[in-house]
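Numbering (our numbering), first residue to last: 2 to 536. These notes are about the structure you will find just below.
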Ligand code: C2E
Ligand code: CA
Ligand code: CA
């Protein structure tokens with residue numbers, strides 16, 4: 002391509018100029034020989050002067066022609082450069098996949114609007130984050146993911162008011178900038194329309210896939226007068242929407258900013274806490290029914306927070322999952338628990354909860370095996386508890402991971418049975434060893450026959466599939482009798498013991514064991530346990 006910066010005359014052009022001047026000279030020779038100039042010019046000057054004048058004129062014509070050609074070339078090169086520059090700028094400011102603005106352009110537009118001062122119409126920013134997009138990529142491949150993203154972009158284009166800026170900020174995150182017009186209801190309506198539109202299925206090569214959207218909305222205010230501040234506020238609101246169950250929209254409120262700071266602090270504490278071993282395993286007894294012989298413990302995480310005291314999983318498990326710390330936390334717990342259990346009778350088992358996200362880790366079986374080897378804990382004594390969420394995220398990954406674990410001798414329990422998505426489907430699809438009946442069902446047993454029938458049906462279902470069943474959350478002695486009568490294999494609940502730390506468990510094991518080494522939790526021991534717990 003011509004280099005527009007090369008404005009001086011180059012070698013080639015000098016030759017071209019000479020050529021054109023030579024052509025001019027030739028024209029002059031021809032003109033003088035044929036006497037053409039005498040016809041053209043009626044000069045008073047001498048013949049000699051007339052010839053010289055015409056020579057100069059013809060050569061100048063050559064110079065002019067060369068100059069015109071050069072300037073035309075320059076103009077063409079400059080146009081090409083401007084076009085290339087415009088294309089490069091457009092590429093740098095647009096998302097190549099969807100053609101929407103990218104984060105850079107979005108922020109430029111936002112900053113430009115905000116810098117117009119307080120008199121311009123108030124602005125709103127809508128931050129849209131897709132729900133369940135990752136499984137689309139993981140299960141159906143990136144091509145399907147791209148189709149979904151383009152479909153979402155088209156749906157947004159069709160919905161937002163004219164004059165809005167739509168951007169793909171990255172990954173599965175979109176943003177829309179539009180005039181607020183002091184009409185929060187209209188904004189809320191638009192957000193709901195976007196959620197409904199984005200939730201419609203998308204057809205791709207592998208069939209129909211569905212994603213959802215959670216939206217955070219921020220209106221420009223004196224506190225949010227920069228693009229960063231406004232986007233951050235929308236992000237905080239969106240995050241709140243995710244916490245509230247996804248598939249919804251939230252307007253930014255100042256308290257949310259405060260909640261976010263608290264969370265950031267807790268996140269920092271948790272990171273340090275995991276490193277320092279502040280997350281420790283508590284043990285809740287599991288007994289066989291009807292004999293009440295202790296068969297082992299469920300390992301439940303507790304955080305000994307240096308300032309806030311003992312924290313329950315509800316205060317930190319979700320945070321650990323959202324920040325990717327759950328894996329480190331689980332491995333630390335598993336290491337501690339396997340170490341603790343070494344001094345306990347060899348028939349006692351440990352059941353450990355694995356977060357749904359961890360089942361997507363292809364190295365999961367190897368990691369567990371490494372801890373078992375390191376602590377000398379037999380795989381036959383280990384049970385992994387998973388919830389159905391894991392299976393919904395990625396059934397194939399779960400199938401592979403669970404099969405490899407079972408091949409090692411580890412048992413798999415389906416936790417919180419009955420609260421999931423399509424329990425029967427998953428029971429048929431995967432080979433579990435055990436069903437844990439959710440405590441909401443067990444708690445309802447004393448409430449009447451209808452509820453009890455449901456629990457009865459679950460136990461019968463487990464038995465028909467050759468699965469063991471554990472009833473969780475047993476609090477009353479009458480429930481135990483009834484569950485044992487229905488054929489439920491194991492029981493767990495406050496009636497037999499709350500989760501307690503290693504030292505307390507050591508003491509209780511000593512109290513519970515009879516001279517033959519059997520450990521049976523009879524009603525007297527339950528009282529002893531409760532006394533220990535109360536102390
Ligand atoms: P989960 O796996 O269903 O654990 C049983 C929960 O029920 C425990 O709560 C236990 O204390 C409680 N529970 C047991 N018996 C009774 C009873 O008779 N009555 C009542 N009302 N509750 C009873 P916890 O320890 O607060 O754990 C809550 C949840 O946190 C667990 O539910 C589990 O989903 C999660 N969790 C706990 N530890 C871990 C962990 O190490 N990793 C992961 N991923 N999740 C964990
Ligand atoms: Ca569990
Ligand atoms: Ca459970």
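Just so you know, even glycine gets a beta-carbon here, dropped at the ideal spot from N, CA and C.
I want to check one thing, is the minimum distance from the CB of residue i to the heavy atoms of ligand 2 below 8 Å?
i           : result
residue 138 : no
residue 386 : yes
residue 417 : yes
residue 437 : yes
residue 354 : yes
residue 256 : no
Determine the DSSP secondary structure at residue i, reduced to helix, strand or coil.
i           : result
residue 357 : helix
residue 297 : strand
residue 34  : helix
residue 16  : helix
residue 118 : coil
residue 7   : Bear in mind that a pLDDT of 49 at residue 7, under 50, signals an unreliable position, so the number given afterwards is only what the model happens to contain. Reduced to three states, the DSSP call for residue 7 is coil.
residue 244 : helix
residue 521 : strand
residue 345 : coil
residue 502 : coil
residue 205 : strand
residue 92  : helix
residue 544 : Nothing can be reported for residue 544, as the shown portion of the chain is limited to 2 through 536.
residue 516 : coil
residue 536 : Note that residue 536 has pLDDT 47, beneath the 50 cutoff, so the model's placement of it is unreliable and no number is given.
residue 2   : Confidence is the limiting factor: at residue 2 the pLDDT is only 40, short of 50, which leaves the residue's position unreliable, though a coordinate-based value still follows. Coil.
residue 215 : strand
residue 131 : strand
residue 144 : helix
residue 234 : helix
residue 68  : helix
residue 351 : strand
Taking residue i and residue j to be in contact with their CB atoms under 8 Å, please state how far apart those CB atoms are, rounded to whole angstroms.
i           : j           : result
residue 542 : residue 32  : Limits of the chain in this structure are 2 at one end and 536 at the other, which puts residue 542 out of reach.
residue 419 : residue 439 : 5 Å
residue 287 : residue 493 : 5 Å
residue 345 : residue 510 : 6 Å
residue 453 : residue 446 : 5 Å
residue 490 : residue 512 : The pair is not a contact, with the Cβ atoms about 25 Å apart (cut-off 8 Å).
Quick check: residue i and residue j, are their CB atoms within less than 9 Å of each other?
i           : j           : result
residue 303 : residue 502 : yes
residue 212 : residue 149 : yes
residue 187 : residue 128 : no
residue 343 : residue 376 : yes
residue 369 : residue 403 : no
residue 250 : residue 193 : yes
residue 372 : residue 332 : yes
residue 294 : residue 521 : yes
residue 318 : residue 359 : no
residue 290 : residue 500 : no
residue 111 : residue 231 : yes
residue 132 : residue 214 : yes
residue 180 : residue 101 : no
residue 60  : residue 84  : no
residue 395 : residue 361 : yes
residue 122 : residue 182 : yes
residue 350 : residue 385 : no
residue 203 : residue 217 : no
Establish whether the CB of residue i and some CB of chain C are separated by less than 9 Å.
i          : result
residue 68 : Chain labels in this structure do not include chain C; a single protein chain is all it has.
Does the distance between the C-beta of residue i and the nearest non-hydrogen atom of ligand 1 fall short of 8 Å?
i           : result
residue 493 : yes
residue 334 : yes
residue 474 : yes
residue 496 : yes
residue 500 : yes
residue 285 : yes
Is the closest heavy atom of ligand 3 to the C-beta of residue i under 8 Å?
i           : result
residue 412 : no
residue 305 : no
residue 382 : no
Would you say residue i touches ligand 5, meaning its beta carbon is less than 8 Å from a heavy atom?
i           : result
residue 440 : Within the structure as shown, ligand 5 is missing, the only ligands being ligand 1, ligand 2 and ligand 3.
Continuous beta strand (DSSP E) assignments of at least 3 residues falling wholly in the stretch 148–202
166–171 and 174–180
May I have a chain-ordered list of the beta strand (DSSP E) segments no shorter than 3 residues that lie completely inside the stretch 382–430?
383–387 and 412–418
Inside the stretch 438–467 only - alpha helix (DSSP H) runs reaching at least 4 residues
440–444 and 450–465
Which whole runs of the alpha helix (DSSP H) in the stretch 253–291 are 4 residues long or more, in chain order?
255–277
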